[in-house]
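For any residue, its number in the working numbering is found by taking its place in the sequence shown, counting from 1, and adding 49.
A virtual CB, placed ideally from N, CA and C, is assigned to each residue, including glycine.
From a predicted model like this one, the values you see are computed outputs, not experimental measurements.
Down below is the structure, laid out as structure tokens.
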Amino acid sequence: MNKRDICSYDYEELKEEMARIGEPPFRSRQIYEWLHVKLADDFQDMTNLSKKLREKLDGEYEIARVQMTERQISKTDPTEKFLFELWDGNMIESVLMKYPYGNSVCISSQAGCRMGCRFCASTIGGLNRNLTPSEMLRQIYQIQRLTGERVSNVVVMGTGEPLDNYDNFVRFIRMVSDEHGLHISQRSITASTCGIVPNIHRLASEGLQITLALSLHGATQEKRRQLMPVADKYHLEEVLEACDAYFRKTGRRVTFEYSLVAGVNDQPEDIRELTAILKERNCHMNLIPVNPVKERNYKKPNSKNALVFKNKLEKNGINVTIRRERGSDIDGACGQLRRRYAAANVRRNR
Ligand code: SF4
């Protein structure tokens, strides 16, 4: 992006920016509303601004390009998947899931990911770059524009590790929940992390009210290391302590995410070990039968075994649910649509 990224300025910063170019404060209110409430895609749509000001804005600033290149609508669930192209050709994906309580959008926080979780398609090509706050916001804005649906919940669980893009991620949270913008309640936002300990502690001190979801996936340090290279850097004990600190400081109960992989982490000893680490914690656990990824060898347990696993944990006093699979007919696993697009491009360019 050659010009300034206008959608990444928060309300106060936009005021300062407009003062810098000689515009009165009411103009910044109008422009902020166009960008973050009316979800304008182009300065020329801002019809209550003079033509001269629209041209001035166009000359100095850019509205981050997040352009839809593919939209898949599930036949089995009220779920849609979107592939977006960014200004530099990077591709990202986002998902809209409709629930009786409202619409939820799952966004990406990075183009690619460097965390290397073994069951994940998003990390196969590594990290290309961090997304800016505007690129995170505009995934939601574009979905609202394209579908006409109001989004009330946000999950930051698409491609990328949000705590590896910390400053942009926190700015995104403040902006998406700001009363001058979409004003989505922080309590309706969940962000998942693979366990970057120092940044969990930082996040706990930000004064935010979002839910933290910790990707656990293994109940012992050894099991976690098999599935998640990040465990080499941060020991399970430190990760759990950081989650406890998050709960103490924010009062928000942490969710533990557990991808169930057949024959790897769905055994009787896994139930024992999970019970040992979670029983005394005020938390919730989500079991996610792993989505098979073409490039990986992992398989999901059949639904009967997953249910037995869940029931045993419940009997041991763990608050647990199985996350129902959504949109499995439309490149279900995180990162698969983007991977398929990248592979098709390679073939095309040969
Ligand atoms: S699961 Fe999340 S953190 Fe792990 S590699 Fe995939 S995108 Fe990155």
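Item, Value
"Among all residues, which have a Cβ less than 5 Å from at least one non-hydrogen atom of ligand 1, and in what chain order do they fall?", "Cys-162, Met-164, Cys-166, Cys-169, Ser-171, Thr-172, Glu-210, Cys-243"
"With a Cβ-Cβ cutoff of 8 Å, do Asn-217 and Asn-179 count as a contact?", "yes"
"Between the Cα of Asp-91 and those of Ile-55, Met-67, Tyr-60, spot the shortest distance and give me the residue it belongs to.", "Ile-55"
"Span of the beta strand (DSSP E) holding Ser-153?", "151-155"
"By the DSSP assignment, the alpha helix (DSSP H) with Glu-318 in it spans what residues?", "317-327"
"Looking at the unbroken alpha helix (DSSP H) that takes in Ser-171, where does it start and where does it end?", "Premise fails: Ser-171 is in no alpha helix (DSSP H) and is neither H nor E."
"Thinking C-beta only, is Ile-112 closer than 8 Å to Ile-156?", "no"
"CB-CB under 7 Å to Ser-201, same chain, minus the five flanking residues each way: which ones, in chain order?", "Gly-151, Asn-152, Ile-233, Ser-237"
"Any contact of the region 181-188 with the region 319-334, i.e. 3+ C-beta pairs under 8 Å?", "no"
"Across the region 77-95 and the region 57-65, are there enough close Cβ pairs to call them in contact, namely three or more that are closer than 8 Å?", "yes"
"Determine whether the beta carbon atoms of Leu-336 and Ala-355 lie at a separation below 8 Å.", "yes"
"What is the rounded straight-line gap between the Cα of Asp-94 and the Cα of Asp-107?", "11 Å"
"Between the beta-carbon of Trp-83 and the beta-carbon of Arg-114, is there less than 8 Å?", "no"
"State yes or no: is the C-beta of Ala-291 within less than 8 Å of the C-beta of His-229?", "no"
"What residues match up with His-333 in a beta bridge as DSSP calls it?", "Thr-304"
"Does DSSP classify Thr-196 as helix, strand or coil?", "helix"
"If Gln-258 sits next to Gln-235, beta carbons under 8 Å apart, how far is it from one beta carbon to the other, in whole angstroms?", "4 Å"
"Give the single residue among Phe-358, Glu-198, Tyr-347, Glu-129 whose Cα lies nearest to the Cα of Glu-322.", "Phe-358"
"Alpha carbons only, please: which of His-284, Lys-361, Gly-207, Ser-99 is nearest the one belonging to Met-140?", "Gly-207"
"If you follow the alpha helix (DSSP H) that Ile-249 is part of, which residue opens it and which one closes it?", "246-253"
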